[in-house]
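Student: Dropping the structure in here first, questions after.
Protein chains in written order, with the working numbering: chain A, 1 to 584; chain B, 585 to 897; chain C, 898 to 1300.
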C-alpha cells in the first residue's frame, strides 16, 4: 500500500524539482538592488573573489575627468571609474548595452531612443538618473570645455540633438541617418550632476579643472567597476572594487572579482620590463624583439607570453601634394600617381618586419589594419618589394636613371627630397633608414632627417612646408571616426589638408564613400563601402603603408579568465581574477 | 639682495623667449589626433590664451606671479603650485641626502688623498670617482637598475612600495631609504668626485703654509696638525660649493629621475619643457631661481661666519 | 648636484668668494717652491730650469695623468685616420646580419690545423627570433691587411682605397658586432670618434675666447661696467643649464646636414659654460689689475684693450689650460645627454653619444651587449681628460706665471 503512494510521490517530487531547476536556469540572474544586471558571458571561467591586479603605465594620468581626458594614461584610470550608455565588446568589437539596457531605432535611422538601466547607483549612494545623462551631454557641448567627444557627436558640423522622453528614456535625433551612431554615443561617459553641476554652471574653463589629479579621491564618484582610492604623483594609482556594481557573471555573482587594481607609474619601458620580470606587475606589453626570449623565460617567470593580434594603428610614408607647401618640380612628382606606385614597390616590407619588429609584423597595403577583423579588406592590390619593377615603372612614367646613377624626371631635374619623421621614435627612424637606402638604389637623392615632434606637427598642420614624412596614426574600429584624415576637407588630410573642393577624382570618391558609410545603418553594407575606400587608397597610394605589427602581451600565470581580444587586450577588468591570493 | 629681482626677471624673460623660440606649442599633440577637429583645437588655443601676442602673454603671467598665482598647467589643468608641491619634497630629499652622503664620504677621502699624494690608494680612488662622473647618468642609472633586478636586493626604481601607506613610521622611513640607495649612489658619486678633488687640492695648499710648518715645529702630532688646523682652513672654500649645490638642487637630477623613475621635479619639468606646458616651466624656473639665490645667500653667510677674513659690506 | 652638463665636480665653483677660490685652486708640488724667477744661491752644478720644464717634471710624476694623455693621443689618431681603420663605409649595412655578435677570430680551423693568419667563418642566421647565428666551418676567410676597399681621402688630402684590414665577401669582420641595421659597430665607433672628440675641442675653442674677452673687459674696467656685465652673466649661470640645453636644441631646424647640426650643437653646448668661465677670468683679472706690470703699462700710455690682450690675459693662461681640459669632458657628456633626449647628432651620422643612447636598453644589455661598447669609449676619454687636467693643474701653479 505504501509503495503505491511513495513511487508516484517520488516521481512528482522529482518532476517538480526538475521543473524548478529548469525554470531557475532559464531565468536571468538578478541582484537585490538591480532588477536587470548585465550578464558578462564571454569569460571562460567563474572566478574567485579577492586579489590585486597590478599593471604599469609609462606616464602619469593628467586628469580624472572623463570628458576632458584624451590620453591613454588618463583614460586607463577613467575607464575603470566611469562608463557610457553603451560599451564595446573587447573580443568582437560589437556594441553592447552599458548604462542603457536597451535601445530602439526609428525606421528612417534618424532617431535613437535609449532606456536607462534601473537601480544603478553612483559610488556615493546617489541613484543614477536621466538628469545625469542630460548633464553629461550638456557638459560636452558647453563652450570652453576641452573635449574630443564633441567632435564625435557632431555630424557634418551639426551637433546631435536630444530630448528627454521620460525618466528612463532619452531620444537622440540627427538630420541624416548615422549608421555608426551607437559607436559614437559610446564615447560619452556619464558624469554625476550632483557633484559637477556647480562647476559647469560657472563655465567651461571651470569645468576643465574639475576632477583633476589634485581632487581628493572620495570626491570622484562614478558608476564603474572600481573606485579611486589614492593617487601618489609619479608613483601609482590605486583603485578598489565597487561593491554596488551592476554586472554579474553567468552564475549571478556580482562583479568584479578583483578587490584592488593598481597602476604603477614607471618612467620607461625598461623599468616596466624589469618590474614585470621581478613579478611586481602582472602584465607587460612586450616589444616584438623580446618575444623570443620571453618565451624562453616563461617557466621561470611564471607567465605566458601570447602571440597577440595587430593593433589598429598605422605607419606610413606620405608625400606632400599641397601646392602651398611644395613647388614644382617636386609637386609634379608627388602628385604623379605612377611615381608613388613605383616607389611603393621599392619599400622592403620584409626587412622592415624583420629588423624593426623581429618578424612579428604583416605587410600593410591599405589604411585599415589586419587586426581590424570587422572591416579589414584582405583583397587589396599588393606591391611586393621589387626595385627592378620600381625602376621600370619610373622609366615608364618618364623618370630615367642617368649614367651617373641619379634619377631625373622628364625635364631633366634630379629627383631628390627630404623625408622627416619624429626624432626619438626608434621604429620610425629604423624604417626611414631602410626606405632611404632603397630609394637611393633607384637613383633618388634622399635625405632622412628626423626632427622634434612639435616641429613636425607644426609643419603638417600649420605651414605645410614639408616634402615627405614617415608618421603614424592611431585608429578606431570604425574608419569614419578618422574622417579628419580621409575627407578632402579634413584638417588631417595629410597630403593636402582642408581642400575647398576635392582635388582629384578619387578624393571625390572617398568623400562620397565616407558620406554613405556614415549614413549606412546596415553593417554589412557599410563594410562593403569600407572595402571600397580601402581599395581606392591602395590603388592611388597617397600614403604608403608599411606593416601592421603584432602585439605580444605577457601575462602572469596567476591571472584567470585570460582571453586575448582586439589589439591584444588580455582580458576585461570585469572578469579578471587572481587564482592565488598571495598578494593581498 | 635687491639684485634678486632683476636676476629673477632676467631668468623669466629668458625662459619665456626660449620656449617661444622653439616651434609649435602645447597643442601639437592634440592636433595629430584624428578625432579632434580644427575648431576644437582653435577653441582650446583661445582658452589657454595662446592666441594672444607674446608680450601680452608674458605680462599677464608676470602680474599673476607677483600676486602669487602661478597659473594652471595646460596638460594637467591643476594649479602649477600644486604640481610643484607634489614633487618638490621628493627632489629635495634625494638631492639633500645625496649631498650629505657625498660630503660624508668626500671630505675624508679628500683628506686621505692629500696626505697620501700620488700613492696607489690616491690613484685608485681618483680612478674610481672619475669613472663615476664619466659615465653618462642615463647609462649608469640603467646599469644599476639592472643590477638591482638581478640581485633582488634593491627595489627597481620608484620611491615607495605598494603597501607604503600601511607601514608604521619607521617602516615608511626604511622603505624610502631602500629606494634612495641607487639614485643617491649615482648622484653622490658625481658630487664626491668634485669634492675630493677640491678638498685634496685645498688641503695640499694649506699644508704648505707657514703656520702649518710652525705647528709641526712646535712638536704637535701630525694627525692633530692635519685634522685640527689644516682641514678647518681647507674646508672654507668648499662652503661656497655647498651653497651653490643647494641652489642647483632642483635641476640637477632631471635625467636621473627620468631613468630611475624617482617622482621628482626634474621629471615634471622635463616633460613640461618637451610638451611646452608654458606655465609649469616658467613657474618651476622661478622657483629654481629663488632657490639658487637662497643657496648663494646661505653660502655667503656661512662663509662670512667661518672665515673672519672675508666680510661683505 | 649637477650632472653631465656644465659641471663635472670640476672644482670650478660659481659661488661668491671665488676670487679666493681661484688663487687656491691648485696644489703646490713639494720640491719646487713658489718660484717667480730662478733663485740665486742654488746648489752648484745644477742648471736653471724654466717654468715649462718644471711643469713637465711635475706632470711626469702623476702617472695616471700620463696614461690619460697616451690614451687620448691614441683616440685622436684614431679619429684622424678613421677611414683607414674602418673596414666598412659608414653607410654599409648587411640586412641579414643585424644584431650579429662580434666576429670570432680563429687560428685553428675545423681540421685542427694551425694558421699563422687569423681568419673568420661566414655566418648564417639560424633563429630569427633569438637572432642566433651559426658559422659555416667549411671555409675560412683570412683577415687581410691593407686591403682595397671604398675610396676615401686620407687626412682629407690623399685619395686612396687602402684600409687597414678586411675580409672577402660573403664573410664579415664585425669586430664589435653589428647593430640593429646590420652596420659594423667598430666602423661606427671609429667614425663617431670624430664627432665626440672634436666636440669638446670646439666647445672649448668657442667658450674660452668669449669668456676671456668678456671676463677680461669686466674685470679690467670694474665699476658699473663690471657690475652690469656680471649681472647678465649671473642670469645665465642661474638658469638651469639642463633646460637651456633642452629648449635650445629643440629650436634647431631639422633639415640641416650632419655637419651643420654638429656645429650648432657646439654653439649650444658653449652657451652654458662661457658665463661661469667669464666670471672666473674676471676675478683673476681683478686681482691681476693691481700688479706692477699693469700699472707700468698704463703709465707708459698703452691703450686699455692692448693692456688687456697683451698683458693681463696671457697671465691667465694656466688657468685657461686647466679649465679647457675640464670643459672638454663635460662637453662630451653633454653631447651624449643631448643624444639621449634625441636632440643631438642625428642618424645616419654617428657619435659615441648617439651610439650609446641607441644601445642603452635592457634588451641589448642581455642580448647584444656589444652595442654598449661606445659607453666604454666615452668613459675612457672622459677619465683620461680628467686625469690629464689634474696633472696639468698640479704642474701649472698660477703663481709661477706672473713674469
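Where a beta carbon is used, it is the ideal one built from N, C-alpha and C, also for glycine.
1) Where in the region 389 to 465 of chain A do unbroken runs of the beta strand (DSSP E), each at least 3 residues long, occur, reported from the N-terminal end onward?
2) In the region 589 to 603 of chain B, which residues sit with their C-beta less than 8 Å from some C-beta in chain C, listed in chain order?
3) Extract the residue ranges of the alpha helix (DSSP H) inside the region 741 to 801 of chain B, only unbroken runs of 4 or more that lie entirely within it.
4) With a cut-off of 8 Å, do at least 3 Cβ pairs link the region 746 to 764 of chain B to the region 714 to 730 of chain B?
5) Which residues mark the beginning and the end of the alpha helix (DSSP H) in which residue 813 of chain B is found?
6) Whole angstroms are fine: how far does the CA of residue 260 of chain A sit from the CA of residue 657 of chain B?
7) Nearest-angstrom Cα distance between residue 1281 of chain C and residue 1239 of chain C?
8) With a threshold of 16 other CB atoms inside 10 Å of the CB of residue 551 of chain A, please say whether the residue is buried or exposed.
9) Measuring alpha carbon to alpha carbon, tell me which of A/458, A/413, A/456, A/84 ends up nearest residue 443 of chain A.
10) Short of 7 Å Cβ to Cβ, which residues in the region 723 to 745 of chain B face chain A?
11) If I follow the unbroken alpha helix (DSSP H) through residue 1256 of chain C, where does it start and stop?
12) Pairing CB atoms from the region 632 to 641 of chain B with CB atoms from the region 477 to 492 of chain A, are three or more of them under 8 Å?
13) Within the same chain, show all residues whose beta-carbon is closer than 7 Å to that of residue 210 of chain A, passing over the 5 residues directly before and after it, in chain order.
14) With three or more C-beta pairs closer than 8 Å as the rule, is the region 370 to 387 of chain A touching the region 534 to 552 of chain A?
15) Would you identify the three-state DSSP class for residue 264 of chain A, choosing helix, strand or coil?
16) Compare the C-beta of residue 433 of chain A against all C-beta atoms of chain C and say whether one is closer than 8 Å.
17) Give the DSSP bridge partners of residue 1060 of chain C, in chain order.
18) Using the Cα positions of residue 1264 of chain C and residue 1085 of chain C, report the straight-line distance between them to the nearest angstrom.
19) Can you give me the Cβ contacts of residue 70 of chain A inside the same chain, cut-off strictly under 7 Å, excluding the 5 residues immediately before and after it?
20) Using the beta-carbon of each residue, which ones in chain A are nearer than 8 Å to residue 671 of chain B?
21) Roughly how many angstroms lie between the CA atoms of residue 218 of chain A and residue 122 of chain A, to the nearest whole one?
22) Based on Cα-Cα distance, which residue from A/141, A/140, A/84 lies nearest to residue 114 of chain A?
23) Looking only at C-alpha atoms, which of B/699, B/860, B/840, B/745 sits nearest to residue 724 of chain B?
24) Helix, strand or coil: which one does DSSP assign to residue 1171 of chain C?
25) Am I right that residue 171 of chain A and residue 67 of chain A are in contact with their C-beta atoms under 8 Å? What's the rounded C-beta distance?
26) Could you pull the start and end residues of the beta strand (DSSP E) that residue 96 of chain A belongs to?
27) Residues of chain C with CB under 7 Å from residue 621 of chain B, in chain order?
28) Output needed for residue 642 of chain B: all residues of its chain with C-beta closer than 6 Å, excluding positions within five of it in sequence on either side, in chain order.
29) Relative to the C-alpha of residue 143 of chain A, which residue among A/205, A/86, A/159 is closest?
30) Tell me, please, whether the CB atom of residue 349 of chain A is closer than 8 Å to any CB atom in chain C?
31) On the premise that residue 397 of chain A lies in contact with residue 339 of chain A, defined as a C-beta separation below 8 Å, what is that separation, rounded to the nearest angstrom?
32) Residues of chain A with a CB under 9 Å from the CB of residue 866 of chain B: which are they?
33) Which of the residues in the region 68 to 79 of chain A, read from start to end, lie with their CB under 9 Å from any CB of chain B?
34) Please list, in chain order, the chain A residues whose beta carbon lies closer than 8 Å to that of residue 1078 of chain C.
35) Could you check if residue 410 of chain A is buried or exposed, using at least 16 other CB atoms within 10 Å of its CB as the buried criterion?
36) Considering only residues of the region 832 to 882 of chain B, which uninterrupted beta strand (DSSP E) runs meet the minimum length of 3 residues and lie entirely inside it, listed in chain order?
Tutor: So, from the data block:
1) 416 to 422, 445 to 451
2) 590, 591, 594, 595, 598, 599, 602, 603
3) 753 to 791, 794 to 801
4) no
5) Here residue 813 of chain B is taken as the residue at index 229 of the second chain, counted from 1. Here residue 813 of chain B belongs to no alpha helix (DSSP H), and DSSP marks it neither H nor E.
6) Reading the second chain from its first residue, position 73 is the one you call residue 657 of chain B. Reading the first chain from its first residue, position 260 is the one you call residue 260 of chain A. Computed Cα separation, rounded: 30 Å.
7) For the purposes of this step, residue 1281 of chain C is taken as the residue at position 384 of the third chain. For the purposes of this step, residue 1239 of chain C is taken as the residue at position 342 of the third chain. C-alpha separation (whole angstroms): 27 Å.
8) Stepping through the first chain from its first residue, residue 551 of chain A is reached at position 551. Residue 551 of chain A should be labelled buried.
9) Taking the first chain and counting its residues from 1, the one referred to as residue 443 of chain A is at position 443. Of A/458, A/413, A/456, A/84, the residue nearest in Cα terms is A/413.
10) 726, 729, 733, 740, 741, 742, 743, 744
11) Counting from one through the third chain, the residue named residue 1256 of chain C turns up at place 359. Here the alpha helix (DSSP H) through residue 1256 of chain C covers 1249 to 1256.
12) no
13) The residue you call residue 210 of chain A lines up with position 210 of the first chain. Excluding sequence neighbours, residue 210 of chain A sits near 65, 196, 199.
14) yes
15) Counted from its first residue, the first chain places residue 264 of chain A at position 264. Here residue 264 of chain A sits in strand by DSSP.
16) Here the question's residue 433 of chain A lines up with position 433 in the first chain. So, interface residue.
17) Residue numbering aside, residue 1060 of chain C sits at position 163 when the third chain is read from its first letter. In DSSP, residue 1060 of chain C forms a bridge with C/1044.
18) Against the third chain, residue 1264 of chain C aligns to sequence position 367. Against the third chain, residue 1085 of chain C aligns to sequence position 188. Looking at the two C-alpha atoms, the distance is approximately 20 Å.
19) Position 70 of the first chain, counted from the first residue, corresponds to residue 70 of chain A. Once the five neighbours on either side are set aside, the close Cβ partners of residue 70 of chain A are 148.
20) As a working note, residue 671 of chain B is residue 87 in the second chain. Result: 233, 234.
21) Here residue 218 of chain A refers to the residue found at position 218 of the first chain. Here residue 122 of chain A refers to the residue found at position 122 of the first chain. Each residue's Cα considered, the two are about 12 Å apart.
22) Here residue 114 of chain A refers to the residue found at position 114 when the first chain is read from its first residue. Checking every option, the nearest Cα to that of residue 114 of chain A belongs to A/84.
23) The count along the second chain starts at 1 and reaches residue 724 of chain B at position 140. The shortest Cα separation from residue 724 of chain B among B/699, B/860, B/840, B/745 belongs to B/840.
24) Taking the third chain and counting its residues from 1, the one referred to as residue 1171 of chain C is at position 274. Residue 1171 of chain C: helix per DSSP, three-state reduction.
25) Locating residue 171 of chain A in the first chain gives position 171, where the first residue counts as 1. Locating residue 67 of chain A in the first chain gives position 67, where the first residue counts as 1. With 8 Å as the limit, residue 171 of chain A and residue 67 of chain A do not qualify as a contact, their Cβ atoms being about 22 Å apart.
26) Here the question's residue 96 of chain A lines up with position 96 in the first chain. Run containing residue 96 of chain A: 95 to 97, per the beta strand (DSSP E) assignment.
27) By 1-based counting over the second chain, the position of residue 621 of chain B is 37. Under the 7 Å cutoff, chain C gives no residues; its nearest Cβ is about 27 Å from residue 621 of chain B.
28) Indexing the second chain from 1 puts residue 642 of chain B at position 58. Here the set comprises 600.
29) Working through the first chain from its first residue, we reach residue 143 of chain A at position 143. Of A/205, A/86, A/159, the residue nearest in Cα terms is A/205.
30) The count along the first chain starts at 1 and reaches residue 349 of chain A at position 349. Answer no: the Cβ-Cβ gap between residue 349 of chain A and chain C never drops below 8 Å.
31) Your numbering for residue 339 of chain A matches position 339 in the first chain. Your numbering for residue 397 of chain A matches position 397 in the first chain. Contact holds; Cβ gap of about 6 Å.
32) As a working mapping, residue 866 of chain B is identified with position 282 in the second chain. Chain A residues near residue 866 of chain B: none, gap ~17 Å exceeds 9 Å.
33) 68, 70, 71
34) Locating residue 1078 of chain C in the third chain gives position 181, where the first residue counts as 1. Ordered by position in chain A, the residues that pass the 8 Å Cβ test against residue 1078 of chain C are 355, 430, 433, 434.
35) Here residue 410 of chain A refers to the residue found at position 410 of the first chain. Exposed, since its Cβ has fewer than 16 Cβ neighbours within 10 Å.
36) none
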